[in-house]
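According to the working numbering, the residues represented by the sequence shown are 15 to 192, in order. Structure record follows, encoded as structure tokens.
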Amino acid sequence: MPSIPHSSVQSVSISKLGPSIWTGKKIKLQIWDTAGQERFRTITTAYYRGAMGIMLVYDITQEKSFENIKNWIRNIEENAAADVEKMLLGNKCELNEKRQVTRVRGEQLAVEYGIKFMETSAKASINVDDAFFTLARDIKCKMEKRMEANNPPKGGHQLKPQVEPRKAPSWLSKCNLF
């Protein structure tokens, strides 16, 4: 496995992963990595609109990156669909001795916003696959529920609630309407 230097050059990165088979379905992930930089904010807001899932990643060794998460969430709330799947990831968990953000704080923030949380390490390959599979599974489940709601099962009758016709109030029959 190639190692990732801690002083990597930051840039916007676009990765298209080809279709893969997972639980019998083909899923295509298109991943945009902006490294959380302000200079890419206009790009990211445009892609929020069509996003089905968003991973918010902070560096556990940098308090400032954790503090920026609330700004990113606010930006997502303003630009993405209301039901977009979100996940909070505390990255660089292999650097526990340099930790500035506790796991508990990450968990609390995730609970505050009602999103899933996980700590990862891109360098040591800890929980990265799990994070992507979890988000992809959640998106897939949401899409299946939406499809089921829009397409009732075939070969039967769709039941609809019986609504009794409203009767005119008794006083109406005694009045003249102009």
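Where is the CB? At the ideal position from N, CA and C, for every residue including glycine. Since we're looking at a predicted model, the values are computed, not measured.
Item, Value
"Excluding sequence positions up to five away, which residues of its chain have a Cβ less than 6 Å from the Cβ of LEU70?", "ILE83, TRP86, LEU102"
"Cβ of THR134 within 8 Å of Cβ of VAL125?", "no"
"GLU91 to LEU109, Cα distance in whole Å?", "31 Å"
"Under the three-state reduction of DSSP, which class applies to VAL98: helix, strand or coil?", "coil"
"Under 8 Å, do SER45 and GLU99 count as touching if we go by C-beta distance?", "Note on identity: in this sequence residue 45 is Ile, with Ser being the wrong assignment. No, these two residues do not count as a Cβ contact at 8 Å."
"Jot down the residue ranges of each uninterrupted beta strand (DSSP E) in the stretch 108-151, minimum 3 residues, whole runs only, in chain order.", "130-133"
"Considering Cα atoms alone, identify which of GLU111, ALA60, TYR62, GLY67 is closest to CYS155.", "GLY67"
"Can you tell me whether MET157 is buried or exposed? The criterion is at least 16 other CB atoms within 10 Å of its CB, across all chains shown.", "exposed"
"Is it the case that the Cβ atoms of LYS42 and ASP73 are separated by a distance below 8 Å?", "no"
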